[in-house]
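Residues 2 to 462, numbered by the working numbering, are exactly what the sequence shown covers, in order. By construction, the Cβ of each residue, glycine as well, lies at the ideal position given by its N, Cα and C atoms.
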Amino acid sequence: MSGQERLDETRREPELADSSAEEFLHRLRQCGVSVDLERLERAGGLAEALALAAAGVRRARLRGTSASGLVQQVLELWRRVGSRPQGSTREQAATGLPRGFHEGFTSVPLELRLALAREVAADPRFDAEDALELGRGLRGLLRESGRQAELEEVLAAWETHAPDAYRAEPAVLSWRVECALQRPGADVHGALLGLAAWRGHLVPLLKLAEWCLYRGRVEAALAGLTTAWPGVRDSPRLFGWDIENFAQRAVFTTLDAALLREPAPSEHWLREQLEPLGDLEPGWLERAQASRSGSGTWSGTPEQWAQLSPRQLQLEQQALVMAFERELLLRYDWPLGRTQLLHPWLLVMLPEVPRGLRALQEPSREPAALLLPAEWVLEEWARSGSDSRYRHPHAEAAVAAALLPWGHFLRRLGLISAPEHAAWRVCVTRALARLPEHFSSADDPALALEVRRALRGGGGG
């Protein structure tokens, strides 16, 4: 419902409150709404009355009023003529809406579904399963029509009228964060904290925290990650590497928050924030701060590469990626937060450091062989149906957008030659040619376009 329609409905509320049942019937008939008064009188609850309203309103002439306004008039008529349902307090356990309501809901147009979904939360039987079923249907239709953010008004009505049902299902709380991220000025921070209260429920929280980071909403992401961390850390249902990846994301987000704050926080503050996330490798924090803040630069040379141990080579890879974050901030105008999404996913794609230094035929230790992902690796990563793009769509988009700039970065440092750089550009565009279309079904409608633009021009979205 548009803002003007809501204003019109608000102006009509006092008039509706003073109207008789006969006046309601007359107005509804003028709009082409046929109401079976006998059935409405027998409607045993709000959901049944709404189902009857839907059946009448779907055939109405929506001139000068909205579907929501007509539904409210039918409900006002029901409140005057209907029998009062027994036991309608929220203290009693919800039992779920009657199937007849769900069947009627799926047979009406989108505008009417939105009105029904807002109103039905006041039915004491409305529960978490109802919220999940109705929300999934609405979310799909709104996505198809490019109106994803309109789900927020429905979710707000559920939070107000059925708070237990609203908070009982993490998917519903996830949708609220999605909506907030798509509306300027929305309370992303509060929505993410609501989801983080589901301790140990990792996948939707991490996915949405990475969305926040991609858009530069560092403080909101940090609040969600740190609030959820105790539940993630202690969860018996999670694999060790999932917990480790979550902790790494929280560590980098803390570093981002420190870089954004004015005045700069002390080292004591930073270590205090990082302490709950576990031990860091000695010297890692100092190296990370220096690389990401620009106070330190990568000082290696291609000539030294062959003399480094496998462990030293791994550290060089990590240092280069952290130095590359600065490159993306300054040359490609990425927001702080998005740059950290390269960890660990870009590093995961880099060739493994060769082992067995005494082997007769050791793999090539040329920088290009250790810093440019192989084409088959890119093709596998970009294939259709990758589970990682469901779990980490914004992290995957950040890596895709960074691949061409990564080649430019290595070329400027002298780590790859002009022919190697040219071959790398061909490799990336060929291997990832179909990748942008895989983001078309992401919850963030802008993502596919941003990935396509980055792969064409070498920029960052």
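Contact under 7 Å by Cβ, residue i with residue j
i: alanine 118; j: leucine 133; result: no
i: leucine 261; j: valine 233; result: no
i: glutamate 210; j: glycine 225; result: Glutamate is not the amino acid found at residue 210; the sequence shown has alanine there. Their beta carbons are under 7 Å apart, which means alanine 210 touches glycine 225 by this criterion.
i: leucine 111; j: leucine 156; result: no
i: proline 205; j: tryptophan 306; result: no
i: threonine 102; j: alanine 52; result: Note that residue 102 is phenylalanine in the sequence shown, not threonine. Yes, they are a contact pair.
i: leucine 152; j: valine 178; result: no
i: alanine 248; j: glycine 279; result: yes
i: methionine 323; j: serine 296; result: no
i: alanine 467; j: alanine 122; result: This structure cannot speak to residue 467, because the chain is shown only from 2 to 462.
i: leucine 271; j: alanine 259; result: yes
i: proline 336; j: glycine 217; result: yes
i: alanine 22; j: leucine 78; result: yes
i: alanine 289; j: threonine 254; result: no
i: aspartate 131; j: leucine 174; result: no
i: glutamate 380; j: arginine 390; result: no
i: valine 378; j: leucine 404; result: no
i: proline 303; j: glycine 386; result: no
i: leucine 351; j: glutamine 308; result: no
i: valine 354; j: leucine 314; result: yes
i: threonine 96; j: arginine 140; result: no
i: tryptophan 299; j: leucine 321; result: yes
i: proline 237; j: tryptophan 199; result: no
i: histidine 1; j: tyrosine 215; result: Beyond the ends of the chain as shown, which are 2 and 462, falls residue 1; an answer cannot be given.
i: phenylalanine 440; j: phenylalanine 325; result: no
i: leucine 194; j: threonine 227; result: no
Environment of residue i [buried if 16+ CB atoms lie within 10 Å]
i: leucine 331; result: exposed
i: histidine 393; result: buried
i: aspartate 124; result: buried
i: phenylalanine 464; result: Not covered by the structure: residue 464. The range shown for the chain is 2 to 462.
i: glutamate 447; result: The sequence shown places alanine at residue 447, rather than the glutamate named in the question. Exposed, by the Cβ-count rule.
i: proline 149; result: Looking at the sequence provided, one finds glutamine at residue 149 rather than proline. Per the 10 Å Cβ criterion, buried.
i: alanine 163; result: buried
i: serine 67; result: buried
i: glutamate 273; result: exposed
i: valine 34; result: buried
i: histidine 269; result: exposed
i: tryptophan 176; result: buried
i: proline 437; result: buried
i: alanine 265; result: exposed
i: proline 277; result: exposed
i: alanine 419; result: exposed
i: leucine 465; result: Residue 465 is absent from the model: the chain starts at 2 and stops at 462.
i: glycine 147; result: exposed
i: arginine 100; result: exposed
i: arginine 312; result: exposed
i: threonine 340; result: buried
i: arginine 359; result: Because arginine 359 carries a pLDDT of 48, less than 50, the predicted location of this residue cannot be relied on, and no value is offered for it.
i: histidine 27; result: exposed
i: glutamate 263; result: exposed
i: proline 231; result: exposed
i: valine 427; result: exposed
i: valine 452; result: buried
i: aspartate 444; result: buried
i: arginine 413; result: exposed
i: alanine 423; result: exposed
i: arginine 80; result: exposed
i: glutamate 120; result: buried
i: arginine 250; result: buried
i: arginine 114; result: buried
Supposed contact pair residue j and residue i - C-beta distance, whole angstroms, cut 8 Å
i: leucine 433; j: alanine 399; result: No, leucine 433 and alanine 399 are not in contact; Cβ-Cβ is about 13 Å, not under 8 Å.
i: leucine 41; j: alanine 50; result: 6 Å
i: glycine 57; j: valine 75; result: 7 Å
i: valine 219; j: aspartate 243; result: That belief does not hold up - the Cβ atoms of valine 219 and aspartate 243 are roughly 22 Å apart, past 8 Å.
i: valine 109; j: arginine 30; result: Not really, about 20 Å apart at Cβ, beyond 8 Å.
i: cysteine 213; j: valine 189; result: 6 Å
i: glutamate 328; j: proline 406; result: 7 Å
i: alanine 192; j: alanine 129; result: With a Cβ gap of about 18 Å, alanine 192 and alanine 129 do not count as contacting.
i: tryptophan 425; j: leucine 373; result: 5 Å
C-beta neighbour in chain D for residue i, strict 7 Å
i: alanine 307; result: No chain D is present in this structure, which holds just one protein chain.
Residue i Cβ short of 6 Å to the ligand SAM heavy atom set
i: phenylalanine 325; result: With respect to the ligand SAM, the structure offers nothing, as it holds no ligand at all.
Ignoring anything shorter than 4 residues or poking outside the segment 30-78, list the alpha helix (DSSP H) runs there in chain order. Counting only runs of 4 or more, we get 38-43 and 47-58.
Could you give the uninterrupted runs of the alpha helix (DSSP H) lying entirely in the segment 311-362, keeping only those of 4 residues or more? For the segment 311-362, whole alpha helix (DSSP H) runs of length 4 or above, ordered along the chain, are 311-332 and 346-350.
Those runs of the alpha helix (DSSP H) which lie wholly inside the segment 139-167 and span at least 4 residues: Listed in chain order, the complete alpha helix (DSSP H) runs (minimum 4 residues) inside the segment 139-167 are 152-162.
Restricting to runs no shorter than 4 residues, where is the alpha helix (DSSP H) found entirely within the segment 228-262? Runs of the alpha helix (DSSP H) lying entirely within the segment 228-262, each at least 4 residues long, are 241-261 in chain order.
Suppose only complete runs of 4+ residues qualify. What are the alpha helix (DSSP H) ranges in the segment 376-424, listed by chain order? If you keep only unbroken alpha helix (DSSP H) runs of at least 4 residues inside the segment 376-424, you get 376-383, 388-392 and 394-413.
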